[in-house]
Every structure is written in C-alpha cells, then in structure tokens.
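Trainee: Here the working numbering runs 11 ahead of the position in the sequence shown, where the first position is 1. Yeah, the Cβ is synthetic: ideal placement off N, Cα and C, and Gly gets one too. One structure coming up, written as structure tokens, with questions to follow.
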Amino acid sequence: MPSTVVLGAQWGDEGKGRVTDYFAQSADYVVRYQGGNNAGHTIIIGDEKFALSLTPSGVMYPHAVPVIASGTVIDPKVLLDEMDMLESRGVDTSRLRISSNAHLIMPYHKRLDAVMERFLGRNQIGTTKKGIGPAYTDKYQRRGIRVQDLFDPKIFRDKVDVALGDTNKLLTRVYNQLPMDGSTIADEYLEYAKRLLPYVDDTSLLLWNALKDGKHVLFEGAQGTLLDIDHGTYPFVTSSNPTAGGAVVGSGIGPKMIDEIVGVAKGYISRVGTGPFPTELNDEIGETMVELGGEYGVVTGRRRRCGWLDLLALRYAVRVNSLTQLFLTKIDILSAFDTIKVATGYTSLGEQYDEFPRQQRVLYNCAPIYEELAGWNVDITGCREFGDLPTEAQDYIRFIEQAIGIPVGWVSVGPERQQLISRQ
Ligand code: GDP
Ligand code: IMO
Ligand code: MG
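If you want it as structure tokens, here you go:
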C-alpha cells in the first residue's frame with residue numbers, strides 16, 4: 012500500500028487515530044490534509060492515552076514524518092502546546108513538517124465562531140468553537156492569513172489589519188462585541204512564528220518526491236464523510252472536505268497518486284453536535300452505547316449521540332470516497348446486546364428509500380427500516396483472528412460487506428494497539 016487514505020465513513024470519531032497509528036507502523040509520511048483542532052484523535056499505547064488535535068497520528072513512530080498539509084487550518088498556539096505536550100511525554104516532534112500554504116486560525120475566528128453560534132440560537136450547528144468555519148470563510152473570501160505570512164512581519168501586520176477592517180465591523184455592529192486590536196494579535200502571532208519557522212516547508216513538493224521514490228504515504232482524514240462541506244448533511248457539517256478528494260486537494264498531489272482508500276466506521280454510529288441522525292437511539296440501548304463506548308467528545312467533552320449502524324450512510328461513504336476497504340471499529344461494544352439492528356432502508360414522507368437521501372427535508376423525516384441480527388453476548392476483546400470471533404459476530408461483518416460491496420479488511424475489538432484483527 013504505497014499511498015493510503017484513512018478517513019471517517021460516518022460523522023467523525025470512528026477511531027481514525029487508532030487506525031492511522033496502526034497503518035503508520037509501515038508509513039514513511041503521515042499527512043493531515045484538512046480540518047484543524049476541531050479533531051480529536053485518540054491513540055492508546057499501554058497505560059498511556061494520547062489525544063491529538065492537529066499533529067498527525069504517525070508522530071508516535073520515530074520512522075514516520077508527520078506532515079500538516081495546506082488544506083488544514085492551524086491555530087499556532089494549539090499546535091505549539093500540542094508539540095510541548097508530546098515532547099514532555101517523550102514523543103519526538105522534530106520531524107514535523109508544516110505547509111507554508113496552510114491557513115491560520117486567528118483569535119477573531121474563534122470569537123466569531125462562538126458568537127455566531129450563540130446568535131443562531133435553536134438553529135446552531137453545535138460547532139467545536141475552535142474558529143474552523145470563520146477561518147475557512149476568510150480563506151475562500153481571499154483575506155485569509157497563511158503560515159508563510161508569519162515570516163514577513165510587515166506583510167503579516169498589513170494582512171491582519173485588512174482582515175480586521177471587515178471583521179471588526181461584523182463583531183461590533185452585528186454581534187455587539189468589542190473590536191479586536193490588530194497589533195496585539197500580530198505581536199502574539201509573530202512570537203509563535205519564531206518557534207514555527209524550522210518546521211515550515213513546501214509539503215506538496217516533499218510528498219511528490221516521497222511518492223516518486225516509492226515511499227509509503229498515509230493520509231489521515233479528520234471529521235467524517237457525513238460532515239463534509241459538499242457531501243455531508245449540510246448545513247450541519249464542518250467547513251472542509253474530509254472525503255477522499257480532500258486528501259489530494261488538501262495535500263497538493265494528484266488523484267493518481269492514491270492507491271488505497273480505507274473508510275473507518277464503528278459497528279454502530281455516533282454524532283456530536285446538531286443535525287439529522289436517522290438511527291439515533293434515545294433509549295437505554297443508546298445510553299449503553301454512550302457509556303460502554305466512552306462516547307464523549309475528545310475536544311469538547313460533549314456527550315455523543317449514538318445509534319445503530321446505518322448501511323445507507325455507509326454505502327454513501329463507499330460511493331463518494333470510492334472506498335477500497337472498510338476498517339470496522341468498536342464491535343466489542345455490541346457484545347452488550349442480545350440482538351443487533353442495522354438500518355437497511357428509510358421511510359420518509361410516505362416514500363421508501365434504499366439510498367442515502369439527497370434532500371435535507373427527506374433526511375429529517377426519516378424513519379429507519381431495520382434488519383435484526385443475532386447478537387453474540389460474549390467478550391470478544393481478546394480475539395485476534397477472524398475465526399476467533401463468535402459466528403454471530405462473523406455473520407454481522409459479512410452482512411455489512413454484502414450490503415456495502417467492499418471488504419471489511421480489519422476489525423478492532425478494543426482501543427489498544429494490539430486489539431485488532433487483520434484479514435489481509
Ligand atoms: P477519531 O476522532 O476518529 O480518531 O476517534 P476518537 O478518538 O474521537 O474516538 C474513538 C474512541 O474509541 C477513542 O476513545 C478510542 O480509544 C476508542 N476506540 C477505538 N477503537 C476502539 C475499539 O475497537 N473498541 C473500543 N472499545 N474502543 C475503541
Ligand atoms: P474527529 O476528527 C466529530 C462536528 C461538530 C459540529 C460540526 C461543525 O475527531 O472525528 P466545526 O467546529 O468543525 O465547525 O463543527 O462538526 N465535528 C466533529 N464531530 N468528530 C470530529 O472530529 C469533529 N469535528 C467537527 O461537532 O457538529
Ligand atoms: Mg475524534
């Protein structure tokens with residue numbers, strides 16, 4: 012697998028961190044291509060738990076070069092704090108490469124994110140309030156500030172002033188906030204620049220050379236397919252493209268460079284934030300998923316909404332990403348249930364659907380049609396081969412494969428590194 016994309020096939024938090032950590036054993040480069048510190052990727056190594064928001068999960072291995080590519084948005088303080096945290100725990104971050112074209116999350120982006128959500132009231136998206144949406148808005152508005160701007164203080168100060176010209180009007184006149192001071196912001200960011208400079212690079216060229224040399228490059232998606240700005244459950248989405256196309260655009264390589272696209276999905280499904288969720292369970296079963304699955308946000312601590320696996324959504328993820336294989340996580344949590352349901356269709360507004368609906372109104376009114384499968388009710392966290400799994404668990408996995416048309420190449424049965432089954 013010379014170049015592989017690992018991405019979320021659901022609404023995020025599928026276990027991408029642990030999956031990336033697994034594949035990174037044999038990777039030369041591990042690349043974050045979109046999103047920012049709205050992500051929270053967990054890696055568990057023995058007694059140690061690492062929660063990474065910006066640093067690619069490959070940082071754990073001394074042989075892998077972690078790359079933060081141009082499609083990301085970077086809060087420099089968060090990144091430096093994360094690097095300090097890793098260093099203090101014995102993880103070497105000196106190999107990190109940061110794209111000079113990545114955009115910066117500025118203090119006014121965070122202020123705007125918080126205040127815009129507050130003004131939306133009942134209609135709020137439930138963002139992580141890390142400034143993601145406003146930073147990408149400025150990027151597309153063409154007044155964003157990029158990492159490279161940090162290294163020319165005059166240009167940097169000018170750009171902050173230009174951006175604040177409009178933003179302060181928005182903050183004061185629309186959102187009743189105090190204006191923000193450009194020179195205070197510039198002073199703070201120019202300090203970060205001194206520390207970041209040694210890590211900044213042309214990461215598109217770096218990856219091009221690596222791929223030409225036959226190196227193994229792993230692309231680590233953040234968020235998930237259903238949170239994609241173009242293909243997710245808009246407007247309840249994030250502001251970037253977690254889908255496979257985002258990996259090439261956000262890294263500055265061409266689509267022909269990608270060999271494998273691995274979707275990560277839980278054996279059930281979760282969502283944090285607002286928006287439609289057809290298989291959501293507001294009952295004891297949902298509660299059990301939250302508690303046994305530890306379904307609380309890594310970034311915000313928010314309780315995640317949980318429900319049965321949605322095969323329409325998963326088939327949709329196979330389609331929009333051209334997934335080649337699925338990595339199924341957390342099926343150990345399903346051991347708690349006597350029977351397991353999976354959504355194989357929806358009814359909405361008097362019609363039946365067997366493909367993920369394109370219209371928000373249809374999705375909002377969906378009632379899932381479930382198929383019920385036998386549970387296994389035994390502890391599977393010690394299984395290491397497919398054949399070790401109870402037949403009911405094997406049947407569950409085969410049922411998913413049939414429905415989505417691609418192989419389930421790996422199954423994880425616990426959060427730790429070795430708690431997985433490879434079927435390669
Ligand atoms: P990510 O954002 O996709 O990287 O996922 P998160 O780290 O936000 O959430 C996944 C959570 O599930 C983390 O706490 C992981 O340690 C945990 N996890 C991952 N795989 C498994 C698994 O197979 N079983 C169990 N029980 N937990 C898992
Ligand atoms: P990882 O990479 C789950 C959700 C937020 C909100 C919406 C928009 O850990 O899977 P944003 O702050 O991005 O503008 O919020 O997207 N969201 C996530 N949900 N996992 C994530 O990341 C998420 N990143 C953003 O909850 O609904
Ligand atoms: Mg997460």
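Could you give the C-beta distance for Ala174 and Asp198, rounded to a whole number, given that I count them as a contact under 8 Å?
Mentor: Looking up residue 174 in the sequence shown gives position 163. Looking up residue 198 in the sequence shown gives position 187. With a Cβ gap of about 16 Å, Ala174 and Asp198 do not count as contacting.
Trainee: To the nearest angstrom, how far is the alpha carbon of Leu63 from that of Leu216?
Mentor: Sequence index remark: in the sequence shown, residue 63 carries index 52 (1-based). Sequence index remark: in the sequence shown, residue 216 carries index 205 (1-based). Going from the Cα of Leu63 to the Cα of Leu216 covers about 25 Å.
Trainee: Straight-line CA distance for Pro209 to Thr350?
Mentor: Numbered from 1 along the sequence shown, position 198 holds the residue referred to as residue 209. Numbered from 1 along the sequence shown, position 339 holds the residue referred to as residue 350. Cα-Cα distance, rounded: 55 Å.
Trainee: Taking 8 Å as the threshold (C-beta atoms), are Gly232 and Pro253 in contact?
Mentor: Start at 1 with the first residue of the sequence shown, and residue 253 comes out as number 242. Start at 1 with the first residue of the sequence shown, and residue 232 comes out as number 221. Result yes, Cβ atoms of Pro253 and Gly232 sit closer than 8 Å.
Trainee: Looking at ligand 1, does it come within less than 7 Å of Val70, judged from the CB to the closest heavy atom?
Mentor: Start at 1 with the first residue of the sequence shown, and residue 70 comes out as number 59. No, since every heavy atom of ligand 1 falls outside the 7 Å radius drawn around the Cβ of Val70.
Trainee: Taking the alpha carbon of Thr311 as the reference point, which residue from Val17, Tyr407, Gly19, Asp24 has its own alpha carbon closest?
Mentor: Within the sequence shown, residue 311 is the residue found at index 300, counting from 1. Of the listed residues, the one whose Cα sits closest to Thr311 is Asp24.
Trainee: Between the alpha carbons of His242 and Gly19, how many angstroms are there, rounded?
Mentor: By one-based count along the sequence shown, residue 242 stands at place 231. By one-based count along the sequence shown, residue 19 stands at place 8. Computed Cα separation, rounded: 13 Å.
Trainee: Would you tell me roughly how many angstroms separate the C-alpha atoms of Leu161 and Thr392, rounded to the nearest one?
Mentor: Reading the sequence shown from its first residue, position 150 is the one you call residue 161. Reading the sequence shown from its first residue, position 381 is the one you call residue 392. One C-alpha to the other measures close to 48 Å.
Trainee: According to DSSP, simplified to helix, strand and coil, what is Arg43?
Mentor: Taking the sequence shown and counting its residues from 1, one reaches residue 43 at position 32. Three-state result, Arg43: strand.
Trainee: Over the uninterrupted alpha helix (DSSP H) stretch that includes Thr214, give me the two end residues.
Mentor: Counted from its first residue, the sequence shown places residue 214 at position 203. Start and end: 214-223.
Trainee: Along the chain, where does the alpha helix (DSSP H) that runs through Ile415 open and close?
Mentor: Start at 1 with the first residue of the sequence shown, and residue 415 comes out as number 404. Ile415 -> alpha helix (DSSP H) spans 402-415.
Trainee: Can you look up Phe367 in the DSSP assignment and give me helix, strand or coil?
Mentor: Along the sequence shown, read from residue 1 onward, the residue named residue 367 stands at position 356. In this structure, Phe367 counts as coil in the three-state DSSP scheme.
Trainee: Quick check on the DSSP output: the beta strand (DSSP E) that includes Phe247 runs from which residue to which?
Mentor: Here residue 247 refers to the residue found at position 236 when the sequence shown is read from its first residue. Segment: none, Phe247 is in no beta strand (DSSP E) and carries neither H nor E.
Trainee: State the CB to CB distance for the pair Val4 and Val273, rounded to an integer number of angstroms; the pair is presumed to be in contact (CB under 8 Å).
Mentor: An answer regarding residue 4 cannot be provided, because it is not within the stretch 12 to 435 covered by the chain.
Trainee: Go ahead and label Tyr327 buried or exposed: buried means 16 or more other beta carbons lie within 10 angstroms of its beta carbon, across all protein chains shown.
Mentor: For the purposes of this step, residue 327 is identified with residue 316 of the sequence shown, where counting begins at 1. Answer is buried; the Cβ neighbour count reaches 16.
Trainee: Report buried or exposed for Ala378, applying the criterion of at least 16 other Cβ atoms within 10 angstroms of its Cβ.
Mentor: As a first step, residue 378 is located in the sequence shown; it is residue number 367 there, counting from the start. Exposed, since its Cβ has fewer than 16 Cβ neighbours within 10 Å.
Trainee: Taking the beta carbon of Pro426 as the centre, do at least 16 other beta carbons fall within 10 Å, making it buried, or is it exposed?
Mentor: Locating residue 426 in the sequence shown gives position 415, where the first residue counts as 1. So Pro426 ends up on the buried side.
Trainee: Please tell me whether Arg106 and Ala80 are closer than 8 Å, where the distance is taken between their beta carbons.
Mentor: By 1-based counting over the sequence shown, the position of residue 106 is 95. By 1-based counting over the sequence shown, the position of residue 80 is 69. No. Outside cutoff.
Trainee: How would you write the range of the alpha helix (DSSP H) that Trp152 sits in, first residue to last?
Mentor: Counting from 1 along the sequence shown, the entry for residue 152 is found at position 141. Contrary to the premise, residue 152 reads as Gln rather than Trp in this sequence. Residues 143-152.
Trainee: What residues in its chain sit with their C-beta under 8 Å from that of Met71, if we drop five residues either side in the sequence?
Mentor: As a first step, residue 71 must be located in the sequence shown, where it is residue number 60. Around Met71: Asp32, Ala35, Ile54, Ile56, Phe61, Val102.
Trainee: Going along the chain, which unbroken runs of the alpha helix (DSSP H) with 4 or more residues stay wholly within the stretch 323-402?
Mentor: Whole alpha helix (DSSP H) segments, 4+ residues: 371-375.
Trainee: When we look at the beta-carbon of Asn220 and count the other beta-carbons within 10 Å, is it buried (16 or more) or exposed?
Mentor: Locating residue 220 in the sequence shown gives position 209, where the first residue counts as 1. Flag for Asn220 reads exposed.
Trainee: Please determine if the stretch 258-275 and the stretch 92-102 are in contact, where contact requires at least 3 C-beta pairs separated by less than 8 Å.
Mentor: Verdict: no, contact absent.
Trainee: What does the alpha-carbon distance come out to for the pair Tyr119 and Thr178?
Mentor: Here the question's residue 119 lines up with position 108 in the sequence shown. Here the question's residue 178 lines up with position 167 in the sequence shown. Whole-angstrom Cα-Cα distance: 8 Å.
Trainee: Do the stretch 317-336 and the stretch 356-376 make contact, defined as three or more Cβ pairs closer than 8 Å?
Mentor: Verdict: yes, contact present.
Trainee: Spatial neighbours of Tyr203 within its chain, please: C-beta separation below 8 Å, excluding the five flanking residues on both sides.
Mentor: For the purposes of this step, residue 203 is taken as residue 192 along the sequence shown, with counting starting at 1. Hits under 8 Å: Pro87, Lys88, Leu91, Leu161.
Trainee: Can Arg316 and Ser281 be called in contact, C-beta distance under 8 Å?
Mentor: For this step, residue 316 is matched to residue 305 along the sequence shown. For this step, residue 281 is matched to residue 270 along the sequence shown. The answer is yes: Cβ separation under 8 Å.
Trainee: Which term fits Gln21, buried or exposed, when burial requires 16 or more other beta carbons within 10 angstroms of its beta carbon?
Mentor: Residue 21 sits at position 10 when you count from the first residue of the sequence shown. By the neighbour-count rule (16 or more Cβ atoms within 10 Å), Gln21 is buried.
Trainee: Just to confirm the assignment: which complete alpha helix (DSSP H) runs, minimum length 4, are found wholly within the stretch 35-99?
Mentor: Here the runs fully enclosed are 87-99.
Trainee: Note down, in chain order, each residue of its chain lying with its Cβ closer than 6 Å to the Cβ of Thr335, except the 5 sequence neighbours on either side.
Mentor: Taking the sequence shown and counting its residues from 1, one reaches residue 335 at position 324. Answer for Thr335: Glu271, Ile272, listed in chain order.
Trainee: What is the DSSP secondary structure of Glu271, reduced to helix, strand or coil?
Mentor: Looking up residue 271 in the sequence shown gives position 260. The answer is strand: DSSP assigns Glu271 an E or B state.
Trainee: Please classify His74: is it buried, with 16 or more other beta-carbons within 10 angstroms of its beta-carbon, or exposed?
Mentor: Position 63 of the sequence shown, counted from the first residue, corresponds to residue 74. With fewer than 16 Cβ atoms within 10 Å of its Cβ, His74 is classed as exposed.
Trainee: With distances taken Cα to Cα, identify the nearest neighbour of Pro289 among Val248, Trp319, Glu383.
Mentor: By 1-based counting over the sequence shown, the position of residue 289 is 278. Nearest option by C-alpha distance: Trp319.
Trainee: Using the Cα positions of Ile136 and Phe247, report the straight-line distance between them to the nearest angstrom.
Mentor: Here residue 136 is taken as the residue at index 125 of the sequence shown, counted from 1. Here residue 247 is taken as the residue at index 236 of the sequence shown, counted from 1. If you take the alpha carbons of Ile136 and Phe247, they lie about 5 Å apart.
Trainee: For Ser262 and Leu218, which I take to be in contact (beta-carbon distance under 8 Å), what is that distance rounded to the nearest angstrom?
Mentor: Against the sequence shown, residue 262 aligns to sequence position 251. Against the sequence shown, residue 218 aligns to sequence position 207. Confirmed, Cβ separation roughly 6 Å.
Trainee: In three-state DSSP terms, what is Glu199?
Mentor: Taking the sequence shown and counting its residues from 1, the one referred to as residue 199 is at position 188. Reduced to three states, the DSSP call for Glu199 is helix.
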